[in-house]
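Structure, as structure tokens:
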Amino acid sequence: MTYGIRRELQGTYDEALTQVPEALKTEGFGILSEIDIQSTLKQKLGIDFRRYTILGACNPPLAHEALTTEIEIGLMLPCNVIVYEGDDKRAVVVAIDPTMTMAATGDAKLTELANAVKEKLTSALDLLQQ
Numbered sequence: 002m003t004y005g006i007r008r009e010l011q012g013t014y015d016e017a018l019t020q021v022p023e024a025l026k027t028e029g030f031g032i033l034s035e036i037d038i039q040s041t042l043k044q045k046l047g048i049d050f051r052r053y054t055i056l057g058a059c060n061p062p063l064a065h066e067a068l069t070t071e072i073e074i075g076l077m078l079p080c081n082v083i084v085y086e087g088d089d090k091r092a093v094v095v096a097i098d099p100t101m102t103m104a105a106t107g108d109a110k111l112t113e114l115a116n117a118v119k120e121k122l123t124s125a126l127d128l129l130q131q
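2 is the number of the first residue of the sequence shown in our numbering; add one for each residue after it.
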């Protein structure tokens, strides 16, 4: 089952962490949160893990529209985008496919909105150097 929009990049993890927010910005997204999974797992569990970051991306006008359609849709916001270091040391970027989350509500307006968000996320990821 595919629940994300995936891009394997030629560049490094560090390059991707710089490029992804800029690419998302072209489609109206900003980064609300950044979670360093590698550091968190090391601190909390003493486990070594690959370089892995979760970015919480938000497009404010689309988020507002979703929230005014269904107040509890906030459970599915923001749009998570992960950046991690693949086994070959090149970056992998995956954005959530909102048609697998928001559209699952069965609300026609949210389905339409999820499709628009998916288009924007796909366009942003297409800008990354692959």
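All residues carry an ideal CB built from backbone N, CA and C; glycine is no exception.
Item	Value
Using a Cβ-Cβ cut-off of 6 Å (strictly less than) and excluding sequence neighbours within five positions of Val93, which residues of its own chain qualify?	Glu9, Tyr85 and Gly87
Please check the pair Arg91 and Gly12, which I expect to be a contact at CB under 8 Å, by giving their CB distance rounded to whole angstroms.	7 Å
Thinking C-beta only, is Ala117 closer than 8 Å to Leu63?	yes
On the premise that Gly29 lies in contact with Lys134, defined as a C-beta separation below 8 Å, what is that separation, rounded to the nearest angstrom?	No information on residue 134 is available, as it lies outside the stretch 2 to 131 that the chain covers here.
Relative to the C-alpha of Asp37, which candidate in Leu76, Lys26, Cys59 and Leu18 has its C-alpha closest?	Leu18
For Asp98 and Ser40, what's the separation of their Cα atoms in angstroms?	26 Å
Once the 5 residues before and after Thr123 are set aside, which same chain residues still bring their CB inside 7 Å of it?	Ile6
Does DSSP classify Ile48 as helix, strand or coil?	coil
Relative to the alpha-carbon of Asp15, which residue among Glu66, Thr54, Cys59 and Asp127 has its alpha-carbon at the smallest distance?	Thr54
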